[in-house]
Amino acid sequence: MRDTDRALVQAATAVAKLRCRSDNHTVAAAVRGTDGRVFSGVNVYHFTGGPCAEVVALGAAATQGAGELEAIVAVGDRGRGVIPPCGRCRQVLLDYFPSIKVIVGPTDGLRAVPIADLLPETYVWSDHQVEVPVAARVGVWPTPVVPGSRQTSED
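Using this note's numbering, the letters of the sequence shown correspond one by one to residues 11 to 165.
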């Protein structure tokens, strides 16, 4: 693992120690852009399914104008160390940053792996989008044609 990856783990660990002090915030994440900037976030626990720390960190990066992201790590509170992303976060990471590396593994065996390795044979959201007509994209929906009807001059 590279020194920049170790520094990313340290950044997430520092945020976990500083900000994860209640049951509402139990995981911290740090993400590094290709420009070297690091962005962090904590989960927002809620019984309705609040966002994970990884998604919050992605939002923080977007807020600060980050472009491509190259690595991410999540760290649990109370010294739990590096934790792998949940399935939803894996899907979000793959959809938005298909070349991102995720730091996973036990403390003595951390490694940075491509997100695709954590989500084999995945559903790729962009591959399953219906081609939308140009008129629909600008907010003008085409008038449906009902079989057996005829259009009037008011249509």
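Glycine residues also receive a C-beta, built at the ideal position from the N, C-alpha and C atoms.
> Expressed to the nearest angstrom, what Euclidean distance is found between the alpha-carbon atoms of residue 78 and residue 52?
Replying inline: 21 angstroms
> Which same chain residues, not among the five before or five after residue 102, have their C-beta less than 8 angstroms away from its C-beta?
Replying inline: 64, 65 and 68
> Hey, quick one: how far does the beta strand (DSSP E) through residue 86 stretch, first residue to last?
Replying inline: 79-86
> Out of 126, 137, 118 and 60, which has the shortest C-alpha to C-alpha gap to residue 19?
Replying inline: 118
> Counting along the chain, where does the beta strand (DSSP E) carrying residue 75 start and finish?
Replying inline: Here residue 75 belongs to no beta strand (DSSP E), and DSSP marks it neither H nor E.
> Relative to the C-alpha of residue 88, which residue among 21, 29 and 41 is closest?
Replying inline: 29
> Between the C-alpha atoms of residue 38 and residue 137, what's the straight-line distance to the nearest angstrom?
Replying inline: 31 angstroms
> Where does residue 130 land, buried or exposed, given buried means 16+ other C-beta within 10 angstroms?
Replying inline: Under this definition residue 130 is an exposed residue.
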